[in-house]
Amino acid sequence: MKFNTSVLHTLKPEKENYGATQTPVYQVSAFAYDTAEQLEKVFNNKAVGFSYSRVGNPTVDAFEKRVAAIEGGIGAVACSSGMAAITAVFLSILQSGDEIIVSSGLFGGTIELLHDLDVLGITVRFVDNITADSVRENITDCTKAVFTELIGNPKLNVVDLESVSQVCHENGIPLIVDSTTATPFLVRPVKHGADIVIHSSSKYINGGGNSVSGIIVDGGTFNWNNEKYSVMGKYLKFGKFALLFRLRNDIWRNTGGCLSPFNAFMNIVGLDTLGLRMERICDNALKLAEFLSTVDGIEVNYPALSSSPCYDIAKKYFGGRGGGIITVRAGSREKAFRLINSLEYALIATNIGDVKTLVIHPASTIYTHSTEEQKINAGVYDDTIRISVGIEDIDDIIADFGKAAENL
Ligand SMILES: *Cc1c(COP(=O)(O)O)cnc(C)c1O
């Protein structure tokens, strides 16, 4: 099966749903049983069933199973937001005294979270670009994980999964990838060596800009049975499922960052058209990036343009596609604001992966709490504009940017 068919047909609909062609929304908090004994069994993992929607819900479960299948993982855990997903993974693996190697070209919220980890006694080593060499140079006996975005948002640097995962595995540490901007349409990171894949499903998976959510996919490829990961404790007996059990029984369940059934449903509806949207978005983004490259005074960064420093890696993993985000530098903050304000169609909003084209000035918004150095390492300059390209007729969007650029 190719991508769109597999997204729609890998999992068969549940039998008991009256033949419903879409997963119903189980908008309930709790599930009742005939006897106390039955509920006891469900609570003790001796019977399959749902008890309370913070811990599990059939609609959320269906969303998790679909994303796990699409990504080629052994299971998934859905969360209330992308940040909740990243937090749950970090807190499940790391403890005081540990180190983590991360890319400095990360989403602003994630950089702020990493500073919160610092306070908990976890050393965060930021490196400009996650490569086999930079990982090797920064690994110590205390390193417990490498974390990176596959396509940095908004730096748009692309990670060479195969060589990086090889160094991680030689050193017995997992590679955790935030694949929000790439989506499984461009690449399935587990196939190329990533152990854990995280999405802010608020973005391309949902696709309509209508629900905030996140999801963790476990590739089942990492062997936690090593004294380094004593934090996995009693879950080691579950072998490759250890992390999923730890999330479900400890951190994820106890921090309460569960996904609402209704938002899970919106994501399921979104998933159905992920391939169609991504194909259109990537085609549109390439055309817009090519056009913007011809405009005087604008510098364009897009992974599928040969001018991108990541062009070759992007080509290797994404087959010539570049995703839906373009960044441009307009020459000054004033010019960037003028360009943004002159656009007729693009919405000025802090989101990506919507069907509508969105623009933002990251330095004054998402990175407003970052230092100058952090901003530059994240590819955020005073004149940077991030464009999240939508599914509009691209001629209209190109004309809109062309007209706005006349004001530069
Ligand atoms: C948006 C985003 C996040 C955070 O996700 P939320 O759903 O907003 O919490 C994390 N990583 C990346 C790459 C993002 O774009």
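In my numbering, the protein residues as written are 7 to 414.
Think of the CB as a built atom: it goes at the ideal place given N, C-alpha and C, for glycine as much as any other residue.
Remember, it's a predicted structure, so these values are computed and weren't measured experimentally.
**Request:** Assign Phe132 to one of three DSSP states: helix, strand, or coil.
**Result:** It is a strand residue.
For the pair the segment 50-62 and the segment 89-103, tell me if three or more CB-CB distances fall below 8 Å. Contact fails: fewer than three Cβ-Cβ distances are below 8 Å.
_In the DSSP assignment, the alpha helix (DSSP H) including Val223 goes from what residue to what residue?_
Segment 220-224 is the beta strand (DSSP E) holding Val223; no alpha helix (DSSP H) there.
- [ ] May I ask you to report which of helix, strand or coil DSSP gives Glu143?
- [x] Helix.
### Message
One question on the structure: do Val173 and Arg131 come within less than 8 Å of each other, judged by their Cβ atoms?
### Response
The answer is no: Cβ separation not under 8 Å.
Exercise for review: Would you check whether ligand 1 has a heavy atom nearer than 7 Å to the C-beta of Phe69?
Suggested key: No, since every heavy atom of ligand 1 falls outside the 7 Å radius drawn around the Cβ of Phe69.
Query raised in the report: At which residues does the alpha helix (DSSP H) containing Ala75 begin and terminate?
Result: Boundaries of the alpha helix (DSSP H) around Ala75: 64-77.
Just to confirm, are Gly220 and Asp201 a CB contact at a threshold of 8 Å?
Inclusion of Gly220 and Asp201 in the CB contact set at 8 Å is not warranted, their separation being larger than that value.
Review point. By Cβ distance below 6 Å, which residues in the same chain neighbour Ala355 in space, the five residues on each side in sequence not counted?
Key: Setting aside the 5 residues that flank it on each side, Ala355 is surrounded in the same chain by Leu364, each with a C-beta closer than 6 Å to its C-beta; the list follows chain order.
Buried/exposed call for His15, threshold 16 Cβ in 10 Å | Its Cβ having fewer than 16 others within 10 Å, His15 is exposed.
task = With hydrogens ignored, establish whether the beta-carbon of Glu155 is closer than 7 Å to any heavy atom of ligand 1.
result = Annotation for Glu155 indicates a beta carbon within 7 Å of some heavy atom of ligand 1.
Spatial neighbours of Pro190 within its chain, please: C-beta separation below 6 Å, excluding the five flanking residues on both sides. Around Pro190: Ile76, Glu77.
Hey, how far is the Cα of Ser394 from the Cα of Val48?
Between Ser394 and Val48, the C-alpha separation is close to 44 Å.
Discussion item. According to DSSP, simplified to helix, strand and coil, what is Ser109?
Written reply: Per DSSP, reduced to three states, the secondary structure at Ser109 is strand.
- Query: Count the other CB atoms within 10 Å of the CB of Tyr308; is the residue buried (16 or more) or exposed (fewer)?
  - Reply: Flag for Tyr308 reads buried.
Exercise. Val152 lies in the beta strand (DSSP E); which residues open and close that run?
Worked result: In the DSSP assignment, Val152 falls within the unbroken beta strand (DSSP E) covering 149-155.
Using a Cβ-Cβ cutoff of less than 8 Å, which residues in the same chain neighbour Tyr387 once the five nearest sequence positions on both sides are dropped? Around Tyr387: Arg335, Ala369, Lys381.
* Which residue's Cα is closest to the Cα of Ile117: Asp406, Gly396, Leu414, Asn383? -> For the residues Asp406, Gly396, Leu414, Asn383, the minimum Cα distance to Ile117 belongs to Asn383.
For this session: Please find out if some non-hydrogen atom of ligand 1 comes closer than 7 Å to the beta-carbon of Gly55.
Result: Taking non-hydrogen atoms of ligand 1 into account, the C-beta of Gly55 is found less than 7 Å away from none of them.
Provide the residue span of the beta strand (DSSP E) that contains His205, from first to last. His205 -> beta strand (DSSP E) spans 202-205.
Are there three or more Cβ pairs, one per stretch, closer than 8 Å when the segment 102-114 is compared with the segment 155-168? Result yes; three or more Cβ-Cβ pairs closer than 8 Å.
Same chain only: Cβ atoms within 7 Å of Pro180, ignoring 5 sequence neighbours per side = For Pro180, where only same-chain residues beyond five positions count, the Cβ hits under 7 Å are Ala151, Cys174, Asp201, Ile202, Phe228.
Rounded C-beta distance between Leu126 and Ser98? I'm assuming under 8 Å. Not quite, the Cβ-Cβ distance comes to about 13 Å (not below 8 Å), so this is no contact.
- prompt: Could you check where the beta strand (DSSP E) with Val83 kicks off and where it finishes?
  reply: Note, Val83: beta strand (DSSP E), 81-85.
*asked:* Rounded to whole angstroms, what is the Cα-Cα separation between Ser348 and Ile403?
replied: The straight-line gap from Cα to Cα measures roughly 12 Å.
| task | Tell me whether Asn159 counts as near ligand 1, meaning its Cβ is closer than 7 Å to at least one heavy atom of that ligand. | result | Yes - ligand 1 has a heavy atom lying nearer than 7 Å to the Cβ of Asn159.
Closer than 8 Å, CB to CB, is Val31 near chain D or not?
Structure shown: chain D not included; a single protein chain is present.
For a minimum of 4 consecutive residues, which ranges assigned as the alpha helix (DSSP H) are wholly contained in the segment 331-386?
Positions of the alpha helix (DSSP H) runs, each at least 4 residues long and wholly inside the segment 331-386, are given as 339-348, 378-383 in order along the chain.
Item to complete: In the DSSP assignment, find the unbroken beta strand (DSSP E) run with Thr390 in it and report its ends.
Response: Segment 390-394, the beta strand (DSSP E) holding Thr390.
Using DSSP bridges, identify the partner residues of Glu305.
Glu305 has Arg335 as its beta-bridge partners, per DSSP.
query: If you measure from the CB of Met284, is any heavy atom of ligand 1 nearer than 7 Å?
result: Placement of the Cβ of Met284 at a distance of 7 Å or more from every heavy atom of ligand 1 is found.
Practice item. Return the first residue and the last residue of the beta strand (DSSP E) that Ile182 is part of. Key: Boundaries of the beta strand (DSSP E) harbouring Ile182: 181-184, taken from the DSSP string.
- Query: If we call anything under 8 Å between Cβ atoms a contact, is Leu250 one with Gly81?
  - Reply: One thing to note: Leu250 has its Cβ within 8 Å of the Cβ of Gly81.
If you measure from each residue's Cβ to the nearest non-hydrogen atom of ligand 1, which ones come out under 7 Å, in chain order? The filter returns Ser87, Gly88, Met89, Ala90, Ile92, Phe113, Gly115, Thr116, Glu155, Asn159, Asp184, Thr186, Thr187, Ser206, Ser208, Lys209, Val218, Ser219, Gly220, Ile358, in chain order.
> Which class does Ala310 belong to by DSSP, given the choice of helix, strand or coil?
Replying inline: Residue state, collapsed to three classes: coil.
Ignore the nearest five residues each way along the sequence and tell me which others in Val34's own chain have a CB closer than 8 Å to its CB. These residues qualify, in order along the chain: Ser59, Asn63, Pro267.
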